[in-house]
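Novice: Just passing along the structure, written as structure tokens.
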Amino acid sequence: MKERMNIDKAEPRIYKAMDAADRQVAAFGLDPKLAELVKLRASQVNGCGYCVNMHSKDARRAGETEQRVFAVSAWWETPFFTEAEQAALKLAEEITRIGQAGLSEETYQKALGYFGETGVAQLIFTVAVVNSWNRIAISMHMVASKD
13 MKERMNIDKA
23 EPRIYKAMDA
33 ADRQVAAFGL
43 DPKLAELVKL
53 RASQVNGCGY
63 CVNMHSKDAR
73 RAGETEQRVF
83 AVSAWWETPF
93 FTEAEQAALK
103 LAEEITRIGQ
113 AGLSEETYQK
123 ALGYFGETGV
133 AQLIFTVAVV
143 NSWNRIAISM
153 HMVASKD
């Protein structure tokens, strides 16, 4: 696959806006490992190889284990994730698949129980931002680095 235009060169304000959104996500104070797992799972659901590669590396840098990074694609089938992490991953999947059924009341309520309104709002924004990045990367045919 050949990369398309460099969207940052074509319109630098787009990356500035997206970078500001990323900085806001980081400023929330969510557990960095959880934030990266959520970004990774949304990127997997969207089929964004560039972002899956990046967030796998970022999760490892944040201290996540290889085992959990590998298992996040089937988190519900493993004993590796806490109930709170499972709620966050399910929330990420349902928001990412918004056209299918959206965020269910059950998932929303479970996430509220673990993260409260502020935490759920932060997770929703985190998922929205990574979904935007996924759409940019997929549309531009961005290629994952082999390093």
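Position in the sequence shown (first residue = 1) + 12 = this note's numbering. No residue lacks a Cβ here, since even glycine has one placed at the ideal position from N, Cα and C.
Excluding the five sequence neighbours on either side, which residues of its own chain have a C-beta within less than 8 Å of the C-beta of residue 13, listed in chain order?
Specialist: Indexing the sequence shown from 1 puts residue 13 at position 1. These residues qualify, in order along the chain: 153, 155.
Novice: Just the Cα atoms here: how many angstroms apart are residue 78 and residue 58?
Specialist: As a working note, residue 78 is residue 66 in the sequence shown. As a working note, residue 58 is residue 46 in the sequence shown. Cα to Cα, residue 78 sits roughly 21 Å from residue 58.
Novice: Identify the continuous alpha helix (DSSP H) that holds residue 146 and give its terminal residues.
Specialist: Here the question's residue 146 lines up with position 134 in the sequence shown. If you look at residue 146, you'll find it in the alpha helix (DSSP H) that goes 117-151.
Novice: Given a cut-off of 8 Å on the beta-carbon distance, is the pair residue 143 and residue 39 in contact?
Specialist: The residue given as residue 143 occupies position 131 in the sequence shown. The residue given as residue 39 occupies position 27 in the sequence shown. Taking 8 Å as the Cβ cut-off, residue 143 and residue 39 do not qualify as a contacting pair.
Novice: Does the region 64-84 come close enough to the region 40-48 that 3 or more CB-CB pairs lie under 8 Å?
Specialist: Yes, the region 40-48 is in contact with the region 64-84.
Novice: So, is residue 88 buried or exposed, given that buried needs 16 or more other C-beta atoms within 10 angstroms?
Specialist: Along the sequence shown, read from residue 1 onward, the residue named residue 88 stands at position 76. By the 10 Å Cβ count, residue 88 comes out exposed.
Novice: Using CA atoms only, rank isn't needed, just tell me which of 120, 81, 150 is closest to residue 96.
Specialist: For the purposes of this step, residue 96 is taken as residue 84 along the sequence shown, with counting starting at 1. Nearest of 120, 81, 150 to residue 96, Cα basis: 120.
Novice: Do residue 135 and residue 101 have their CB atoms nearer than 8 Å?
Specialist: Stepping through the sequence shown from its first residue, residue 135 is reached at position 123. Stepping through the sequence shown from its first residue, residue 101 is reached at position 89. Cβ atoms of residue 135 and residue 101: not closer than 8 Å.
Novice: Nearest-angstrom Cα distance between residue 150 and residue 16?
Specialist: Counted from its first residue, the sequence shown places residue 150 at position 138. Counted from its first residue, the sequence shown places residue 16 at position 4. One C-alpha to the other measures close to 10 Å.
Novice: Rounded C-beta distance between residue 138 and residue 51? I'm assuming under 8 Å.
Specialist: The residue labelled residue 138 in the question sits at position 126 within the sequence shown. The residue labelled residue 51 in the question sits at position 39 within the sequence shown. Contact between residue 138 and residue 51 holds: their C-beta atoms lie close to 7 Å from each other, under 8 Å.
Novice: Output needed for residue 140: all residues of its chain with C-beta closer than 8 Å, excluding positions within five of it in sequence on either side, in chain order.
Specialist: Mapped onto the sequence shown, residue 140 falls at position 128. The residues are 107.
Novice: If you check the beta carbons only, do residue 48 and residue 76 fall under 8 Å apart?
Specialist: To locate residue 48, count along the sequence shown from 1; it is residue 36. To locate residue 76, count along the sequence shown from 1; it is residue 64. In contact: residue 48 and residue 76 (Cβ atoms closer than 8 Å).
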